[in-house]
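Novice: Going down the list, the protein sequences come from chains A and B.
For the first sequence, the numbering used here begins at 1 and goes up steadily by one.
For the second sequence, the numbering used here begins at 373 and goes up steadily by one.
Encoded as structure tokens, here's the structure I'll be asking about.
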Amino acid sequence: MKQYIDEKTVSSLSRGAMYLGSGGGGDVKLMELMAKRIIRENGPIPLISPFHFPDEEWVIPVAIMGSTTIFSEQLPSGNELKQVVETIEKEKNIAASGIAGLEIGGMNAISPVITAALTKLPLLDADGMGRAFPELQMTTYHGFGIKASPAVISNHPDQTHLISSDENVEVEKQARNLVTRLGGWAAIACYPMQGWQIREVGILQTFTLTIRLGEAISANMMDANAVMEKMQRVFQNSIYGKPVKLIEGKIVDLQREIIEGTLKGSLIVEGSGLYVGEYLSIFFHNEYLLVKKNDTTLATVPDLICVLDEETGYPLYIEELENHLKVWVIAIPSPFLLQTSKMLDVVGPTQFGITENFIPIEERIQLNDNEG
Amino acid sequence: MYRLGINVGESHTDAALLNKDLQITQVVKKPTSPDIVSGISDVLKEIIDHKKINPKDIAAVMIGTTYCLQTLMKKENLARVCVIRIGSGKNAIPPLFEGNESLRHYIVQNYLELDGGHGVTGKPLGTINYSIIEKFFFNLKEKAEAIVITGTFSSMNPEHEKIVASYVHRIVGKEIPITLSHEIGSIGFIERENSAIINALLSKAMNQALNGLQLVFKQFGDKWRYLFYSK
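Here is the structure:
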């Protein structure tokens, strides 16, 4: 069965991707408009299952990295994304047969769509994070042994920069420096691989899932309650688990600092309704990372933590948080692949400075219930 | 001393006169006129002529109206807007891309993209090429009634928007209103440009309304200070 991404699908995809951003991942709006514009001109983009992708054919993941604020002022032309793919093809002397995602959470759910449209290649239904993460090596591609190199970066219609290193962490470091030097954001293509590889190392069918999520919650006049219900239905039958509500209440404290261009801090939610008398602390750095109730940990990365606006059910980016806002805090169990020991070495709590082992949200809930 | 509040709604124009103790002393209701001005004039007449209030005793007039929204919804009397962009991604998202067709219809099809604008630190990203501006307006087939200028990071450094504006004024004349995005919105190029475009679309209707109001106010023989609110 062949699926296509048209303008309407792009709306659903970006709506869904906001939830998978876990508070980060960048605003999807600009990317959504760019994608719609290109699709209006070039027609819908085929979305193909990794299981129907030939073993030996090449696929190239793409993303935009850097500051989304600068991105929102210095708009891309789109061609940067096409160029980074073509430069990798030249460098490796291959011809790509598909584009894949690097990060399904936030704006980078859409950058592969734009790339696919511009390169006239199909989009492969897979990504390397299953959510949003801040660094290039925080992918299943890296965790399961794919080389990021050759990686190509560009933020100018006719200029690309090549990064080669056997160490993926080194690629991230060089790319990050380069992006800062180039003015704040850039398109990147990296982890070129073959069909049989992405089937083993990718988080599969995340585009279809995100589109389904977006479609389910596309109706107007929804609140957090209705959105949660739809989310539970969509995620229950997926590689993620059933989302869990942690609290509903009001933001009563918000500490937010900009450290080296990234947002770091915490918020406290004071419970209301069934949760009256409870206080939860949520810690974030680019994304929401940790939820605590007094000294008990309720959820940690890589499980996805979302803060929903109670009135609209919209997921709040860290930038959008405000004191006194009424919110729900929920956690979505991460895909199993992210919970393997290899991946926890890359995206586990310790990677984010949390001195705690990862315990899946589902287990934590049972533990806490038994104790309580 | 009195204060006068006027609300111009879709169907009715209401006025309330407040005395110095902020007590409502009079309320008047009249139908709203299509140009909004004669409706306001009717209300004023009622208050001043019929109730024998001396205009000099009115310290301030405040007017609130949904006129702008009405104008946008009915697409009446909108200005044809010409868009100039400085610095940002060429042609990634056309002006007012998300607006509906009937609003976009008022945007002059050709828009001008210039090198320049500023980086996040406020440093210029390029230099303005004036001959391109001149050529653009020379070749422009459609008549523009208002102009919008948006520069990359103009909220950090509005210099390029201002330079281009003064140059454009020299070419097209002073009468054509120019909206500079940094006076309208903050960070976010497309959002800021959209707001500036809305402002420019309304410039014709607003101008007429304000001129009309000035005439009406003169009729009552005074130089009132007034505030004009729109929503």
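Every residue, glycine too, gets a C-beta built ideally from N, C-alpha and C.
Work out the CA separation of W185 (chain A) and M65 (chain A) for me, nearest whole Å.
Specialist: One C-alpha to the other measures close to 6 Å.
Novice: Can you say whether N501 (chain B) is buried or exposed, counting buried as having 16 or more other CB atoms within 10 angstroms of its CB?
Specialist: Exposed is the call here.
Novice: To which residues of the same chain is D386 (chain B) closer than 6 Å at the C-beta, ignoring the five residues directly before and after it?
Specialist: Contacts found: N379 and K401.
Novice: Can you pull the chain B residues whose beta carbon is under 8 Å from the beta carbon of M34 (chain A), in chain order?
Specialist: Simply A464 and I465.
Novice: Does R452 (chain B) come out as helix, strand or coil in the three-state DSSP assignment?
Specialist: Reduced to three states, the DSSP call for R452 (chain B) is coil.
Novice: Does the beta carbon of G25 (chain A) come closer than 8 Å to any beta carbon on chain B?
Specialist: It does not: the Cβ of G25 (chain A) has no partner Cβ on chain B nearer than 8 Å.
Novice: Run through chain B and tell me which residues come within less than 8 Å of T69 (chain A), C-beta to C-beta.
Specialist: V492 and I559, listed in chain order.
Novice: Would you mind giving the Cβ-Cβ distance between W58 (chain A) and A96 (chain A), rounded to the nearest angstrom? I have them listed as a contact below 8 Å.
Specialist: At roughly 5 Å, the Cβ-Cβ gap stays under 8 Å, so W58 (chain A) and A96 (chain A) are in contact.
Novice: So which residues on chain B does L30 (chain A) lean against when the C-beta distance must stay under 9 Å?
Specialist: Ordered by position in chain B, the residues that pass the 9 Å Cβ test against L30 (chain A) are A464, I465, G560, F561 and I562.
Novice: What first and last residue would you give for the beta strand (DSSP E) that runs through T160 (chain A)?
Specialist: First-last of the beta strand (DSSP E) with T160 (chain A): Q159 to I163.
Novice: Comparing alpha-carbon positions, which option in A:R199, A:G105 and A:T69 lies nearest M528 (chain B)?
Specialist: Out of A:R199, A:G105 and A:T69, A:T69 has the C-alpha closest to the C-alpha of M528 (chain B).
Novice: List, from N- to C-terminal side, the beta strand (DSSP E) runs of 3 residues or more that fit wholly inside the region 76 to 149 of chain A.
Specialist: With a minimum length of 3 residues, the continuous beta strand (DSSP E) runs that stay inside the region 76 to 149 of chain A are 96 to 101.
Novice: Taking Cβ-Cβ distances below 8 Å as the criterion, which residues of the region 57 to 85 of chain A are in contact with chain B?
Specialist: Answer set for the region 57 to 85 of chain A: S67, T69, I70, S72, E73, Q74, L75, P76, S77 and G78.
Novice: With a threshold of 8 Å between beta-carbons, can T522 (chain B) be considered close to chain A, or not?
Specialist: No, its Cβ sits nowhere closer than 8 Å to a Cβ of chain A.
Novice: Quick check: what's the CA-CA separation for E278 (chain A) versus S266 (chain A)?
Specialist: Whole-angstrom Cα-Cα distance: 16 Å.
Novice: Between G408 (chain A) and chain B, is any beta-carbon pair separated by less than 8 Å?
Specialist: Because chain A is modelled from 1 through 372, residue 408 (chain A) falls outside the range shown and cannot be assessed.
Novice: Are A126 (chain A) and G101 (chain A) closer than 8 Å when you measure CB to CB?
Specialist: Their beta carbons are under 8 Å apart, which means A126 (chain A) touches G101 (chain A) by this criterion.
Novice: Taking the continuous beta strand (DSSP E) assigned at T210 (chain A), which residues delimit it?
Specialist: Careful: T210 (chain A) lies outside any beta strand (DSSP E), inside the alpha helix (DSSP H) at T206 to A216.
Novice: Strictly below 7 Å CB to CB, what residues from chain A border E473 (chain B)?
Specialist: Neighbours of E473 (chain B) on chain A: none; closest Cβ ~13 Å, over 7 Å.
Novice: Is it true that the CB of G494 (chain B) sits closer than 8 Å to the CB of G183 (chain A)?
Specialist: Their beta carbons are not under 8 Å apart, which means G183 (chain A) does not touch G494 (chain B) by this criterion.
Novice: Starting from H541 (chain B), trace the alpha helix (DSSP H) in both directions and tell me its first and last residue.
Specialist: Counting along the chain, the alpha helix (DSSP H) containing H541 (chain B) begins and ends at E531 to V544.
Novice: Given that a residue counts as buried once 16 or more other Cβ atoms are within 10 Å of its Cβ, and exposed if not, what is A17 (chain A)?
Specialist: Buried, because 16 or more other Cβ atoms sit within 10 Å of the Cβ of A17 (chain A).
Novice: Secondary structure at V252 (chain A), three-state DSSP: helix, strand or coil?
Specialist: Three-state result, V252 (chain A): strand.
Novice: Tell me the rounded alpha-carbon separation between P44 (chain A) and V62 (chain A).
Specialist: P44 (chain A) and V62 (chain A): Cα-Cα distance of roughly 19 Å.
Novice: If you draw a straight line from the C-alpha of T350 (chain A) to the C-alpha of D295 (chain A), how long is it?
Specialist: Answer to the nearest angstrom: the Cα atoms are 18 Å apart.
Novice: Please look up how many angstroms separate the CB atoms of I505 (chain B) and I550 (chain B), rounded, as I've assumed it's under 8 Å.
Specialist: Contact flag wrong, Cβ pair sits at about 12 Å.
Novice: Determine contact between the region 402 to 417 of chain B and the region 463 to 474 of chain B, defined as no fewer than three beta-carbon pairs at a distance below 8 Å.
Specialist: Segments in contact, no.
Novice: Using DSSP bridges, identify the partner residues of P61 (chain A).
Specialist: Its beta-bridge partners are A:A100.
Novice: So, is A431 (chain B) buried or exposed, given that buried needs 16 or more other C-beta atoms within 10 angstroms?
Specialist: Exposed.
Novice: Just the chain B side, please: which residues come within less than 7 Å of R15 (chain A) by C-beta, in chain order?
Specialist: By Cβ distance, chain B contributes nothing, its closest Cβ being about 15 Å from R15 (chain A), past 7 Å.
Novice: Around the Cβ of S503 (chain B), are there at least 16 other Cβ atoms within 10 angstroms (buried) or fewer (exposed)?
Specialist: Exposed is the call here.
Novice: So does the region 286 to 305 of chain A actually touch the region 330 to 348 of chain A, counting three or more Cβ pairs closer than 8 Å?
Specialist: Yes, they touch.
Novice: Distance check for L441 (chain B) and V399 (chain B), CA to CA, integer angstroms please.
Specialist: If I take the Cα positions, the gap works out to 25 Å.
Novice: Roughly how many angstroms lie between the CA atoms of G353 (chain A) and N286 (chain A), to the nearest whole one?
Specialist: So the alpha carbons of these two residues sit roughly 13 Å apart.
Novice: If you measure from the beta carbon of R256 (chain A) to each beta carbon in chain B, is any gap under 8 Å?
Specialist: No - not a single Cβ of chain B is within 8 Å of the one on R256 (chain A).
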